[in-house]
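Just below is one structure, and these are the notes that go with it.
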Amino acid sequence: MSAEKLPFVLPAVFTIGPRSEDDDSLHKYAKLISSFKRDGKQLHELVNGIIEGETRVLAAAMTMEQIFKGAKEFKQEVFGKVQLELNQFGLLIYNANVKQLVDVPGHEYFSYLGQKTQMEAANQAKIDVSEAKMKGEIGSKLREGQTQQNAAKIDAETKIIATQRQGEGKKEEIRVKTEVKVLENEKEAEVAEANAELAMKKAKWAKNSQVAEVEARKAVLLREAELQKQVEVLNALTVEIYRNIDTLQGSH
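First residue of the sequence shown: 3, per the numbering used here; consecutive thereafter.
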């Protein structure tokens with residue numbers, strides 16, 4: 003019976019025998035068997051009582067829903083408790099087969115739980131299908147919206163890139179024109195500077211030419227003066243010579 007005092011049937015088949023690999027367990031089993039009759043009925047009743055007792059104790063602490071939902075864990079717990087009790091007699095559960103839990107006539111709780119579970123599963127399946135359909139429609143709309151957004155984004159980015167490239171082309175054109183203008187200005191400045199330098203040189207040359215001409219004139223004048231002086235000296239010497247000659251002739 004469960005914690006709600008609801009009865010149920012637990013069909014089970016156990017294969018139980020002595021623990022042959024352990025000497026201490028064999029001694030316990032031999033001691034147990036020696037106290038029973040040879041037909042083994044008492045041993046069967048002992049083991050059956052242990053199984054039923056442990057199962058009742060476990061079931062009494064659980065609700066029917068806990069037993070139903072945790073049937074696998076419930077069976078494993080039964081095996082563990084039974085084996086713990088059998089250890090003191092040197093016995094071992096070699097195999098255990100517990101079938102599906104069965105309702106007692108008049109207490110069809112497991113069948114109701116099964117129907118409830120099936121209905122819940124069917125309803126959940128419908129909900130899952132509806133949710134899947136809704137998610138599919140939402141996903142389709144989202145993908146469509148994302149596609150449009152991506153297309154708009156790509157279009158905008160393309161326009162931005164085109165504008166940037168146009169701007170860069172314009173900048174490059176302005177830069178080239180500016181550099182050309184700078185080169186032209188530099189060339190004009192160089193030409194102007196060369197012309198100015200040439201003019202200065204011409205002026206210097208002209209000035210130097212004038213100076214040279216003046217100097218030449220001075221040199222000519224000096225030369226003429228010197229020659230005139232020499233002429234005058236020669237003339238004076240000539241006069242003196244003639245005078246001396248005349249003196250000499252008068253004395254003879």
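Note that the Cβ used here is the ideal one computed from N, Cα and C, for glycine as well.
Beta-carbon gap between residue i and residue j smaller than 8 Å
i     : j     : result
Leu11 : Glu56 : Note that residue 11 is Val in the sequence shown, not Leu. No; because the gap between Cβ atoms is not below 8 Å, this pair is not in contact.
Ala63 : Phe81 : no
Phe91 : Ile53 : no
Thr65 : Glu6  : yes
Asp28 : Ser22 : Reading the sequence as shown, one finds Leu at residue 28 and not Asp. In contact: Leu28 and Ser22 (Cβ atoms closer than 8 Å).
Met3  : Ala73 : no
Outcome for residue i when other beta-carbon atoms lying within 10 angstroms are tallied against a minimum of 16
i      : result
Lys203 : exposed
Leu93  : buried
Ile18  : buried
Ile69  : buried
Given residue i as reference, the closest of the options once Cα atoms are compared
i      : options                       : result
Lys101 : Lys189, Val131, Lys135, Gln78 : Gln78
Leu88  : Asn50, Gln68, Arg177          : Asn50
Ala14  : Glu181, Tyr31, Phe76          : Phe76
Pro9   : Leu200, Arg58, Ser142, Leu45  : Arg58
Problem - Whole alpha helix (DSSP H) elements within the segment 21-75, 4-residue minimum - result: 25-36, 43-62, 66-71
Exercise for the section: Scan the segment 174-202 and note each continuous alpha helix (DSSP H) run of 4 residues or more that stays entirely inside, going in chain order. Expected result: none
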